[in-house]
Every structure is written in C-alpha cells, then in structure tokens.
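In the numbering used here, the protein residues as written are 1471 to 1588.
Yeah, the Cβ is synthetic: ideal placement off N, Cα and C, and Gly gets one too.
A short write-up of the structure that comes next.
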C-alpha cells in the first residue's frame, strides 16, 4: 500500500479536494463565458470539435475567453466565424515541409539522353 500512495497522480486528477474544487470553478466560469460569447450553433460545434480534437478545442476556448475578457468581441460569435477561427488556427499549426535536393558532383542529370541504355 505504501507504493500506491507514492505513485504519481494522473494529469487532471488531484488528491486535494480544494484543488479539484478550484479547477471545477474555473471550468464553470469558462463555460459561462463561452455560452455568453457563442451562439448556440457555434457552442454546439465547439463541443463537437472538442470530442475529436480536445487540445485544439481547448486552445480555441482559451483564446475566445481571452478575447472576451479583453473586450475584443463586440457581439456573439456565429458558427461561421468559429469555423473561420478554427481553420486559421489549423493553418498556423501545420508545419511547412520543405524538401531540398542536393546536387552531387558526379550527378549527370543534365544528360537526359537515354539512347546509350539500349
């Protein structure tokens, strides 16, 4: 039993009830703000995104709450505006792959005549 007490606690779980209560209160405040700044259709879409891509949805939620608290939102965010925000974040998150081919000294690609192969 001593080993069970020393085992690490999984992320998101705490043994301290006070920390759990604070986390639940912060989550409730966040959900309250999101309900105020999102139309019902946008709130529903964000919930569906959260089912599939939890990290992405949580990042969008944090950004929306920050925008709301900063006074950057004048009206409720529609579903179309939320889609645009999700797409812009997706484009930013995707890394660009760049392939650079090396030229070798003995590379004879300039000679495309394949007649000598026959």
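Per the DSSP secondary-structure output, residue 1547 pairs in a beta bridge with 1508.
Distance between residue 1562 and residue 1521, taken at the CA atoms: about 21 Å. Of the residues assessed, residue 1530 falls on the buried side of the cut-off, its CB having 16 or more other CB atoms within 10 angstroms. The Cβ-Cβ distance between residue 1511 and residue 1549 falls below 9 Å. With fewer than 16 other Cβ atoms from the protein chains shown falling within 10 Å of its own Cβ, residue 1539 counts as exposed. Here the alpha carbon of residue 1554 sits roughly 38 Å from the alpha carbon of residue 1488. 1503 is the residue among 1496, 1497, 1494 and 1503 whose C-alpha sits nearest the C-alpha of residue 1537. Residue 1527 and residue 1492 have their C-alpha atoms some 21 Å from each other. Annotation: residue 1516 to residue 1572 spans about 45 Å, alpha carbon to alpha carbon. Residue range 1524-1539 is occupied by the alpha helix (DSSP H) that includes residue 1530. Straight-line spacing of the CA atoms in residue 1507 and residue 1570 works out to 46 Å.
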